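Undergrad: The structure follows.
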């Protein structure tokens, strides 16, 4: 005769060991702080977090499982459906998260293998992408007035020397060495003063009135006619090193509307990107 398992047809309602125990109903819907108190709850959370980081360090879920999770959660945790929608993190939590990874590399946080995967994904995702003008303005305003410390400057200088990443052709902003080209003879102090006076001694992008430079709209240093020069502050002048086609058209339209200048339909932009 076959032996019948001891727990056959056994349920929570029938099990005498837990029958009448309403502990689960007491803690249902309560937070750890409400059950154990704040001090013990913080200790349990910290320990649980450390255990999870220790277990998953250098590991990652198989792509098949990641895809399955992604499909199951699609549309459920976005916008108003997100559990944190409309909520903001406390200052204590922000400080904790900031200090948790402060000064650490991706390798130290995720392990070498996972860090390489993250870098590869970010590189592929951002290749060819450009910030919008609004995003650039937001970044600029975020760091406006913030100066780097001597230690930061020295560290950056040493890193550049060690990596050689900013050596001429290896620099991402290299444009064939056009910055070494000479200006035309007519580009003198008299002309500079004339253009600045025309522009009312203000930057034509942000309206600042100090540290003005003259920018060549078509990026040709030999073309020093009034229609090809505009007054910009140092920060705005730096912006024009990127997305040159956009800035050329932008400044041409600006001067055309402001001073009734005329520009041909097609114009060659030096080292167009």
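Residue numbers (the working numbering): 136 to 408.
We treat Cβ as the ideally placed atom computed from N, Cα and C, and that holds for glycine.
This one's a predicted model, so the numbers in the text were calculated from it and none came from an experiment.
Compare the Cα-Cα distances from residue 374 to each of 279, 275 and 253 and report the closest residue.
TA: Working through the chain shown from its first residue, we reach residue 374 at position 239. Nearest C-alpha to residue 374: 275.
Undergrad: Which term fits residue 349, buried or exposed, when burial requires 16 or more other beta carbons within 10 angstroms of its beta carbon?
TA: Mapped onto the chain shown, residue 349 falls at position 214. Buried, because 16 or more other Cβ atoms sit within 10 Å of the Cβ of residue 349.
Undergrad: May I ask which residues mark the beginning and end of the alpha helix (DSSP H) holding residue 235?
TA: The residue given as residue 235 occupies position 100 in the chain shown. Note, residue 235: alpha helix (DSSP H), 226-236.
Undergrad: Rounding to the nearest angstrom, what Cα-Cα distance links residue 222 and residue 336 in this structure?
TA: On the chain shown, residue 222 is found 87 positions in, with the first residue counted as 1. On the chain shown, residue 336 is found 201 positions in, with the first residue counted as 1. Answer to the nearest angstrom: the Cα atoms are 46 Å apart.
Undergrad: Could you check whether the segment 331-346 touches the segment 368-386, counting it as contact only if at least three pairs of C-beta atoms, one from each stretch, sit closer than 8 Å?
TA: Between the segment 331-346 and the segment 368-386, the count of C-beta pairs closer than 8 Å reaches three or more; the two stretches touch.
Undergrad: Please list the segments of the beta strand (DSSP E) lying wholly inside the segment 306-356, counting only runs of 3 or more residues, in order along the chain.
TA: 347-351
Undergrad: DSSP beta-bridge partners for residue 368?
TA: Counting from one through the chain shown, the residue named residue 368 turns up at place 233. Paired residues: 347.
Undergrad: Report buried or exposed for residue 386, applying the criterion of at least 16 other Cβ atoms within 10 angstroms of its Cβ.
TA: Locating residue 386 in the chain shown gives position 251, where the first residue counts as 1. Here residue 386 is buried. Its C-beta has 16 or more other C-beta atoms within 10 Å.
Undergrad: Buried or exposed, going by whether 16 or more other CB atoms sit within 10 Å of the CB of residue 407?
TA: Position 272 of the chain shown, counted from the start, is the residue given in the question as residue 407. At residue 407 the pLDDT is 42, less than 50, meaning the model places this residue with poor confidence and gives no usable figure here.
Undergrad: Using 8 Å for Cβ pairs, my map puts residue 326 next to residue 378. What's the rounded Cβ distance?
TA: Start at 1 with the first residue of the chain shown, and residue 326 comes out as number 191. Start at 1 with the first residue of the chain shown, and residue 378 comes out as number 243. Incorrect: roughly 27 Å between the Cβ atoms, too far for contact.
Undergrad: Which stretch, first to last residue, makes up the alpha helix (DSSP H) that contains residue 276?
TA: Taking the chain shown and counting its residues from 1, the one referred to as residue 276 is at position 141. It spans 268-278 - the alpha helix (DSSP H) in which residue 276 sits, taken as one unbroken run.
Undergrad: Residues in the same chain with beta-carbon distance under 6 Å from residue 246, minus the five sequence neighbours each way, listed in chain order, please.
TA: Residue 246 sits at position 111 when you count from the first residue of the chain shown. The beta carbon of residue 246 is closer than 6 Å to those of 192 and 193 in its chain, skipping five residues each way along the sequence.
Undergrad: Pick helix, strand or coil for residue 264, following the three-state DSSP scheme.
TA: Position 129 of the chain shown, counted from the first residue, corresponds to residue 264. It is coil, neither helix nor strand.
Undergrad: Rounding to the nearest angstrom, what Cα-Cα distance links residue 225 and residue 218 in this structure?
TA: To locate residue 225, count along the chain shown from 1; it is residue 90. To locate residue 218, count along the chain shown from 1; it is residue 83. The alpha-carbon separation between residue 225 and residue 218 amounts to approximately 16 Å.
Undergrad: Spell out a yes or no on whether the segment 388-399 and the segment 360-367 are touching, meaning 3 or more CB-CB pairs, one atom from each, closer than 8 Å.
TA: yes
Undergrad: State the start and end residues of the unbroken alpha helix (DSSP H) segment that holds residue 385.
TA: Here the question's residue 385 lines up with position 250 in the chain shown. Its alpha helix (DSSP H) spans residues 379-394.
Undergrad: Can you name the start and end residues of the alpha helix (DSSP H) that residue 190 belongs to?
TA: Translated into the one-based positions of the chain shown, residue 190 becomes position 55. 173-191 is the span of the alpha helix (DSSP H), which, as asked, contains residue 190.
Undergrad: Once the 5 residues before and after residue 272 are set aside, which same chain residues still bring their CB inside 8 Å of it?
TA: Locating residue 272 in the chain shown gives position 137, where the first residue counts as 1. Cβ within range, chain order: n/a, list empty.
Undergrad: If you count every other CB in all the chains shown that lies within 10 Å of the CB of residue 284, and 16 or more means buried, which is it?
TA: Translated into the one-based positions of the chain shown, residue 284 becomes position 149. In summary, residue 284 is exposed, with fewer than 16 beta-carbon neighbours lying within 10 Å of its beta-carbon over all protein chains present.
Undergrad: Which whole-angstrom value is the C-beta distance of residue 331 and residue 282, which I expect to be below 8 Å?
TA: The residue you call residue 331 lines up with position 196 of the chain shown. The residue you call residue 282 lines up with position 147 of the chain shown. Rounded, the Cβ-Cβ distance is 26 Å, inconsistent with contact.
Undergrad: What residue from 145, 356 and 292 has the CA that sits closest to residue 316's CA?
TA: Position 181 of the chain shown, counted from the first residue, corresponds to residue 316. Comparing Cα positions, the closest option is 356.
Undergrad: Any idea if residue 177 is buried or exposed, counting beta-carbon neighbours within 10 angstroms, 16 or more meaning buried?
TA: Taking the first residue of the chain shown as position 1, residue 177 is located at position 42. Exposed, since its Cβ has fewer than 16 Cβ neighbours within 10 Å.
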